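All remarks here apply to the structure that follows.
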C-alpha cells in the first residue's frame, strides 16, 4: 500500500471518503507539532529540575516521648502502625510526610520510644521544631534534629525493616497493553489510600510467561492488607482490578491442580528470589550503562582536508557531498565508531567545501585518526588534523541543522502499536540504519492526532536514503509488515 502523504481528498458532493481510512497530517502540520513537542520537552525538563531542587529540601527529625506501651488485646506490630499513623497526622502540617519509622520492631520485642520522620517541603525544619512540647494522645513530644547525619547503612537497615513488615499484594486485571512504567505509576497512585506504597513490581514475560498479567504491590501501614483487598473489583482506567494476598497456589481435592486456564502467581519465596535477582541485574545494568557512558565520552572530532571536491558531470553538488561523506566514513571506520561525517554549509548551487568534520567514538581514536594523515583517498592525499580550538555550541547546532535540512523524512506505518513509544522508536531506528544515518524518529502521540496513532516519522541522512528506505516497504519488523512512504504534500 503506497500513497502520497497529505490531506484526505473530498469525494463528489463535498463528502469525505470512508471514515475508517487513516490519514497522516501534512508536512507543515507535522513540523509545527515537532517544534511544539521540542518546546514542551524543554519545559518539562525545567519543571522536573525545579521539582528535584525542591525535593532536596527534605528534613529528617526525631520524635520522642510518645506512649509506647501496648494496650491489651493488641500486638506490638499493630500498635507500631497505629503510632506511626498518629505521628504522620501530627506532623502533616509541616509539609509532605514521606515516611514515619519506629525502627527494629520484632513481634515479641518492646517498642522503641523514638521515631524517624522524613518530611519534604519549604521551611520544614522550623515548622517541625515548633511542634516540640506539643501533646499527642496526652503525652508531650520531644522533637529534635539528629545529632549527626544518618549513615547509609542505618538508612538501609530502616528501609529493610519497613519492607519486612509490609504487605505484598498481587494485582491482576489492569490494561496490559500500557508501558510498564505507566502501569507501575498508576498502581502506586491507586493503592496510595491503603498506606505507604514502598514498591510496585511488574513481572516481565521472560521470567514468568504465564504471569505477565500480574503485578506485586508492597504496602506499608495500618490495616494495609484489608484496605488493599477492599479495592478488588475497583475500576482503574476502565479495567476492573483483582487484588489478592501473595501466597502459594492452593491445591484442589485429590492433590490435582485447578484449571490450567486459570493464571496463578508464583509463591512468595519464588517471587522474593526473582526480586533479589532482578535487583542485582538492575545494578549490573547500571554499572554497564555507566561504563558505556564513560567510553562514549572519549569521542574525538577531527578535520579532514585534501579530498577532491570537484563535481563530476551529470551529478549535483548535493549528491556528490553524500558520496564524499560516505567515502570518508569508510576511510575512517578503522579508527572507531564513526558517528557522523559532515561537509558543512552546502547549498544546491554552491561549491563544495574542501574540509569535513568527522566525529569518531572509541578507545585511542585520536592516535588512530592522526595516523591516517597523508593517506590516499580516491587518488588524493588527505590532511587530518584536530580542530585549532573546541567547536562552539552555535557552530555544532548550525552543522546539525544543516544535516536535518538535507535529510529525508519518511512516514512509516504498520508496526505493532501496542508497544511502548520508546521501544517503537528504538526498533525503527535500528531497522532503518541500513539506509543511512538515522537522525531522529518521531511517533505522533494520540492526544495530538488521534487518527494518526499508527504513524511514525524517520529522519534519514545519507546517499540514496530515500530510495533505500522505500525499498523497506513491506519488510518485516517483529512479525509486522511495514509501509514506508516519502513525507510531502499530496499532489
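Residue numbers (full-length UniProt numbering): 1 to 491. Where a beta carbon is used, it is the ideal one built from N, C-alpha and C, also for glycine. Here the structure is a predicted model, which means the values were calculated and not measured.
Euclidean distance between Cα positions of residue i and residue j
| i | j | result |
| --- | --- | --- |
| residue 16 | residue 300 | Note that residue 16 scores 46 on pLDDT, short of 50, meaning its location in the model is unreliable; the coordinates nonetheless yield the value given after this. Each residue's alpha carbon lies about 55 Å from the other. |
| residue 508 | residue 180 | In the structure as shown, the chain begins at 1 and stops at 491. Residue 508 is therefore absent and cannot be evaluated. |
| residue 427 | residue 329 | 24 Å |
| residue 420 | residue 326 | 33 Å |
| residue 473 | residue 418 | 20 Å |
| residue 112 | residue 184 | 34 Å |
| residue 159 | residue 232 | 28 Å |
| residue 362 | residue 368 | 10 Å |
| residue 156 | residue 364 | 41 Å |
| residue 390 | residue 476 | 43 Å |
| residue 99 | residue 441 | 41 Å |
| residue 162 | residue 222 | 12 Å |
| residue 84 | residue 137 | 13 Å |
| residue 195 | residue 408 | 52 Å |
| residue 203 | residue 171 | 11 Å |
| residue 484 | residue 462 | 17 Å |
| residue 315 | residue 321 | 10 Å |
| residue 117 | residue 166 | 18 Å |
| residue 455 | residue 379 | 45 Å |
| residue 169 | residue 229 | 8 Å |
| residue 102 | residue 147 | 17 Å |
| residue 70 | residue 139 | 15 Å |
| residue 401 | residue 395 | 10 Å |
| residue 227 | residue 76 | 20 Å |
| residue 343 | residue 386 | 16 Å |
| residue 311 | residue 317 | 6 Å |
| residue 338 | residue 437 | 10 Å |
| residue 458 | residue 200 | 35 Å |
DSSP three-state assignment for residue i, whether helix, strand or coil
| i | result |
| --- | --- |
| residue 254 | Confidence at residue 254 is low in this model, with a pLDDT of 47, below 50, so its placement is unreliable and no value can be given for it. |
| residue 65 | coil |
| residue 425 | helix |
| residue 328 | helix |
| residue 12 | For residue 12, the predicted structure reports a pLDDT of 48, less than 50, and the residue's modelled location is therefore unreliable. A value from the coordinates is still provided. If DSSP states are grouped into helix, strand and coil, residue 12 belongs with the helices. |
| residue 139 | strand |
| residue 432 | coil |
| residue 86 | helix |
| residue 248 | Model confidence at residue 248 stands at a pLDDT of 46, short of 50, so the residue's coordinates are unreliable; what they give is reported in the following sentence. Residue state, collapsed to three classes: coil. |
| residue 239 | strand |
| residue 165 | helix |
| residue 416 | coil |
| residue 96 | strand |
| residue 456 | strand |
| residue 337 | strand |
| residue 437 | strand |
| residue 150 | coil |
| residue 486 | strand |
| residue 72 | coil |
| residue 313 | coil |
| residue 196 | strand |
| residue 299 | coil |
| residue 132 | coil |
| residue 159 | helix |
Residues sharing a beta bridge with residue i, DSSP
| i | result |
| --- | --- |
| residue 504 | Any answer about residue 504 is impossible in this case: the structure gives the chain only from 1 up to 491. |
| residue 380 | 377 |
| residue 178 | Paired residue(s): none; residue 178 is not in a bridge. |
| residue 389 | Paired residues: none, contrary to the question. |
| residue 342 | 357 |
| residue 480 | 477 |
| residue 144 | 62 |
| residue 216 | 170 and 201 |
| residue 304 | 356 and 384 |
| residue 80 | Partner(s): none; residue 80 has no beta bridge. |
| residue 442 | 457 |
| residue 408 | 460 |
Flag this pair as touching only if the segment 299-313 and the segment 351-367 have three or more C-beta atom pairs under 8 Å; answer yes or no. yes
Are at least three pairs of beta-carbons, each pair with one atom in the segment 116-129 and one in the segment 141-160, less than 8 Å apart? yes
Between the segment 227-244 and the segment 170-180, can you find at least three pairs of beta-carbon atoms closer than 8 Å? yes
Do the segment 80-95 and the segment 145-157 touch if we need at least three Cβ pairs shorter than 8 Å? no
Just checking, does the segment 309-328 make contact with the segment 360-375 on the three C-beta pairs under 8 Å criterion? no
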